[in-house]
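**Q**
Number of protein chains: 2
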Amino acid sequence: MKAAIIGGGVIGGGWAARFLLNGWDVALFDPDPEAERKMAEVLANARRSLPALYDKALPREGRLTHAGTLAEAVAGADWVQESVPERLELKHKVLAEVAATAPSASIVGSSTSGFKPSELTAEGANCIVAHPFNPVYLLPLVELVGEAEMCARAAGLLRRIGMFPLTLRKEIDAHIADRFLEAVWREALWLVKDGIATTEEIDEAIRMGFGLRWAQMGLFETYRIAGGEAGMRHFLAQFGPALKWPWTKLMDVPDFTPELVDLIAGQSDAQSGHLGIRDLERRRDDNLVSLLRALKREGQGAGTVLADHEAALAPAAGPPVTSDLPVTVDRLVPQTWTDYNGHMNEVHYLEAGSQATDRFMELIGADAAYIAGGQSYFTIENHLRYLDELHAGDRLTVTTQMIEGRGRKLRLFHRMWRGEALAATMESMLLHVDLGTRRSSEPGPVVAEGLARYAAHLEMDLPEGAGRGIGQRG
Amino acid sequence: MKAAIIGGGVIGGGWAARFLLNGWDVALFDPDPEAERKMAEVLANARRSLPALYDKALPREGRLTHAGTLAEAVAGADWVQESVPERLELKHKVLAEVAATAPSASIVGSSTSGFKPSELTAEGANCIVAHPFNPVYLLPLVELVGEAEMCARAAGLLRRIGMFPLTLRKEIDAHIADRFLEAVWREALWLVKDGIATTEEIDEAIRMGFGLRWAQMGLFETYRIAGGEAGMRHFLAQFGPALKWPWTKLMDVPDFTPELVDLIAGQSDAQSGHLGIRDLERRRDDNLVSLLRALKREGQGAGTVLADHEAALAPAAGPPVTSDLPVTVDRLVPQTWTDYNGHMNEVHYLEAGSQATDRFMELIGADAAYIAGGQSYFTIENHLRYLDELHAGDRLTVTTQMIEGRGRKLRLFHRMWRGEALAATMESMLLHVDLGTRRSSEPGPVVAEGLARYAAHLEMDLPEGAGRGIGQRG
């Protein structure tokens, strides 16, 4: 698949990175002489953070080219994304050129935050609004507005690159999310202008309270809870009248004077000026990765998008380091797995080993359905040998050998590889259990057959290090 | 310390739970005959989630009493918190009674979201606004408004119960955060009324995008990044003019008609009606615990409040199960540590063991300052034996025996206890390393002395299970 990105700023660059890391080829057109440098910076951030969301490897990265002309960029593109500055006449010009040169079947999306599809297509170009949120390579939301059939095709492709398409029922200025951002922005300007709070205090008022609520449930579900047993109707009865209170008196727009600009810029410098923009970006991205992984574990909100995308990724199938053994994990080491010693923390070696055990269980038929049926394996012992350091961004591959697998007992030997270097081994003893009685039991026929499929593993040499205690040698 | 809670609804109950779980005694006064049941439900939620934020035990829970009169509740209270319904004449009546009966030195806070301190104190009562956010037992933010000296004392006490006091510079209707909530609410009503989006679509527009940004950086720092290298001033130059665009045309207040109420309540039922309010609360709380723990690991936003609070908690000192060994972990098992088998996942046994190793390192002087000086210990082997299941909410205590501790090698044997039952053991072999060369090295004198302080451990019997490989017996 190929995406053409017209305009390589923060948004266009974010789109390009999202497509590339999901295996699409990308052609970028941006006449800015700095475009290559800017794109490289966004891509570096994305490579550092996007793969860290997943416990599987993403597809092999696509190829990035910098096109000399718009026509060259859009040639053969399945998706053309326009992210040029927010001036309608410029958008019209670019979209007309796209219409004249892109394949007729390609999706043409505009990143506009302000214009409606009817405005964009007023001069005949065929396109939809596909409005993403910064950083595009991490945040799932894309607002789709416009012609239904193109929106539907776009939604399907967006899901395949891990995004969440939200298709609007009607077009409206600023779509949905930016209307909220605009409302909050207006209110924030008043608070700063009137000396009620500084920019830093406003940020704290958001991130120490309702920002945490909105990261996982949004507005209405949160308020439904506030209504208690009586639900939304009760909440509305309580809170509705507030709309007539004097709180609403500041619905006017503050004058955007040079003094107000100075006030805000000065406070923002005091708050964050000690950090460079790249520091802030990395901090934001690390936080987002950590929050998104937390939601993935909970199976909630944006975490469901991640989980669905991860499930659709090909299973672990990285470079088979030891040719006869199944590859049970193939992933990158996320930043969140490192510790004060500057390397992957000891806990996450066991996490990777545990993922390998889960995958091997799937391979022998002890999968989610089997567990839902009331049977599973419990680990009763683990022995880890840490042989080499791993760092954030390292590709980690695990191969698994079954060294005991008859009756209730299952003993696995995981080798954890950083490229061709053996970084750790983990020996795991598991017992097959009945989840009702919590006692050991014989595996069901499906799993007994699954174990038999790997019987050849038992004939292999016992791996170096297996069966040993700590401090015991050969 | 004692807190008197006047009004035991969702907010008052949340305050009571926050105080109780931080070791305060609480007297609750609420004439509602259902008050005890409601309080018990809020407390059950809080007990399930608040301790899960921390990797240390909270203080012993305080004593909850249901007072028959307001005067009985406030007797001897260090803090009186008023959380009665939002009617000014009712607040005046309650605050006058508090003034007449509470100790003169006590802090008197009002949970009001709408009234200013000048309104609350108009009839002579001395109090401040202390406005929290639901769920009070999890979200750190408290807006303080009013008399400076009482606000300062209140801020100090709030930090000790893990909250984030934000003191306003001037009083204003709805303080800070609720102004934003009100602005967004108004906009959301328009979107639903005009058929642009349903309540569910609006929630997705928030939690799939900017909600994630606001959970960790708020508004201004996020936009500073959007401004790129040129910073806030550049962002303002780009975005400022949007304030004059037609986006702002909907600053009017929609009519709150029965039809609009029906529309919203119906959409909310379709979105969340299949879940009971308790399910939604638990889901919200699990998500918040998971997000807050993620931010604690990143050391950002609300995570810094947690980390500071945790650092101020007494070190692990739970019931010493084995009297001669140091208790190196004393904590509850969080919900986020459990897995598809319904018990604590194998990975988190190692996490608890790793915390015990970190604590033992502190005890022998290999603490954060020592590590910052370029020396540390790396784990080279771990052997875990899983002897019993642990579940969310279980209290987990770890004792640590040093079974080898001379020169570069440090071998620890952690026993993990659920009450008096041995749930797991973990034997860890560590090597002292120079963080510059990443090679093993002799410990510095501070740590050598620290090791010597535990020399008696080496004379004890080798623990059952130590030194053994997987599957090896006695």
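Respectively, the protein sequence lines represent chains A and B.
Sequential numbering from 1 applies to the first sequence in the numbering used here.
Sequential numbering from 1 applies to the second sequence in the numbering used here.
Ideal Cβ positions, reconstructed from N, Cα and C, are used throughout, including at glycine.
Just so it is clear, the structure is predicted and the values come from calculations on it, not from any experiment.
Over what stretch of residues does the alpha helix (DSSP H) that includes B/P117 continue unbroken?
**A** Residues P117 to L120.
**Q** Where are the alpha helix (DSSP H) runs, 4 residues long or more, that stay fully inside the stretch 131 to 166 of chain B, in chain order?
**A** Whole alpha helix (DSSP H) segments, 4+ residues: 148 to 160.
**Q** How would you write the range of the alpha helix (DSSP H) that A/G211 sits in, first residue to last?
**A** That run of the alpha helix (DSSP H) goes G211 to W214.
**Q** Do B/L390 and B/M344 have their beta-carbon atoms positioned less than 8 Å apart in this structure?
**A** Yes, the Cβ-Cβ distance between B/M344 and B/L390 is below 8 Å.
**Q** Give a yes or no on contact between the stretch 6 to 18 of chain B and the stretch 80 to 88 of chain B, applying the rule of three or more CB pairs nearer than 8 Å.
**A** With the cut-off at 8 Å, the stretch 6 to 18 of chain B and the stretch 80 to 88 of chain B touch.
**Q** For A/A409, does the three-state DSSP call read helix, strand or coil?
**A** Correcting the residue type first, residue 409 of chain A is Lys in the shown sequence and not Ala. Three-state result, A/K409: strand.
**Q** Going along chain B, which residues have a C-beta under 7 Å from A/S272?
**A** Result: E221 and R224.
**Q** Output the boundary residues of the beta strand (DSSP E) element that contains B/R331.
**A** Counting along the chain, the beta strand (DSSP E) containing B/R331 begins and ends at V327 to L332.
**Q** Is the stretch 437 to 452 of chain B touching the stretch 436 to 446 of chain A, taking contact as three or more C-beta pairs under 8 Å?
**A** At 8 Å Cβ cutoff, the stretches do not touch.
**Q** Tell me, please, whether the CB atom of B/F133 is closer than 8 Å to any CB atom in chain A?
**A** Yes, its Cβ sits closer than 8 Å to a Cβ of chain A.
**Q** Give me, in chain order, the residues of the same chain whose beta-carbon lies closer than 6 Å to that of B/D25; leave out the 5 immediate sequence neighbours on both sides.
**A** Hits under 6 Å: K2, G62 and R63.
**Q** Quick one: Cα of A/R385 to Cα of A/R169, how far?
**A** Roughly 56 Å between the two C-alpha positions.
**Q** How is the beta strand (DSSP E) around A/V80 delimited, first residue to last?
**A** That run of the beta strand (DSSP E) goes W79 to E82.
**Q** Any beta carbon from chain B within less than 8 Å of A/I161's own beta carbon?
**A** Not an interface residue.
**Q** Following the continuous beta strand (DSSP E) through A/E427, name the residue where it begins and the one where it ends.
**A** Start and end: A421 to D434.
**Q** Apart from the five residues just before and just after B/Q271, which ones in its own chain have a Cβ nearer than 6 Å to its Cβ?
**A** If we look at B/Q271 and ignore the five residues flanking it on each side, its Cβ neighbours are T199 and E200.
**Q** Distance check for B/P334 and A/A177, CA to CA, integer angstroms please.
**A** Each residue's Cα considered, the two are about 34 Å apart.
**Q** Kindly examine the ligand FAD and report whether one of its heavy atoms sits closer than 7 Å to the Cβ of A/A352.
**A** Only the bare structure without any ligand can be found here, which leaves the ligand FAD out of the picture.
**Q** With DSSP as the reference, please indicate the residues paired to B/G109 in a beta bridge.
**A** In DSSP, B/G109 forms a bridge with B/Q81 and B/I128.
**Q** In angstroms, rounded to a whole number, what distance separates the CA positions of B/R331 and B/G14?
**A** The straight-line gap from Cα to Cα measures roughly 22 Å.
**Q** Below 8 Å, how does it come out for the stretch 423 to 436 of chain A and the stretch 368 to 387 of chain A: are there three or more Cβ pairs, yes or no?
**A** Judged by Cβ distances under 8 Å, the stretch 423 to 436 of chain A makes contact with the stretch 368 to 387 of chain A, as three or more pairs qualify.
**Q** Below 7 Å on C-beta distance, what does A/N382 contact in chain B?
**A** Simply E346 and L384.
**Q** Using CA atoms only, rank isn't needed, just tell me which of A/T304, A/F235 and A/D269 is closest to B/H234.
**A** Comparing Cα positions, the closest option is A/D269.
**Q** For chain B, check one thing: does any of its Cβ atoms lie closer than 8 Å to the Cβ of A/D55?
**A** Closer than 8 Å: no.
**Q** Output yes if chain B places a C-beta closer than 8 Å to the C-beta of A/F180; else output no.
**A** Interface residue, yes.
**Q** Quick one: is B/T357 buried, meaning 16 or more other Cβ sit within 10 Å of its Cβ, or exposed?
**A** That one is buried.
**Q** Checking 8 Å against the spacing of the C-beta atoms, do A/M39 and A/A75 come in under that value?
**A** No, they are not a contact pair.
**Q** Can you list, in chain order, the residues of its chain whose CB lies under 8 Å from that of A/L288, leaving out five sequence neighbours each side?
**A** The residues are S49, P135, L138 and L139.
**Q** Could you give the residue range of the alpha helix (DSSP H) that holds A/E464?
**A** Segment: none, A/E464 is in no alpha helix (DSSP H) and carries neither H nor E.
**Q** Does DSSP put B/Q375 in a helix, in a strand, or in coil?
**A** Three-state DSSP puts B/Q375 in a strand.
**Q** Determine which residues share a DSSP beta bridge with B/H414 and list them.
**A** Paired residue(s): B/T400 and B/M426.
**Q** Going by the CB atoms, is the gap between B/V398 and B/A466 shorter than 8 Å?
**A** No. Outside cutoff.
**Q** Select from the stretch 396 to 410 of chain B all residues with a C-beta closer than 7 Å to any C-beta belonging to chain A, and list them in chain order.
**A** Answer set for the stretch 396 to 410 of chain B: empty.
**Q** Check the Cβ-Cβ distances between A/M208 and every residue of chain B, and say whether any is below 8 Å.
**A** Yes, because at least one Cβ of chain B sits closer than 8 Å to the Cβ of A/M208.
**Q** From B/R160 to A/R207, what distance separates their C-alpha atoms?
**A** When rounded, the distance between both Cα atoms is 20 Å.
**Q** On the three-state DSSP scale, how would you describe B/N287?
**A** Three-state DSSP puts B/N287 in a helix.
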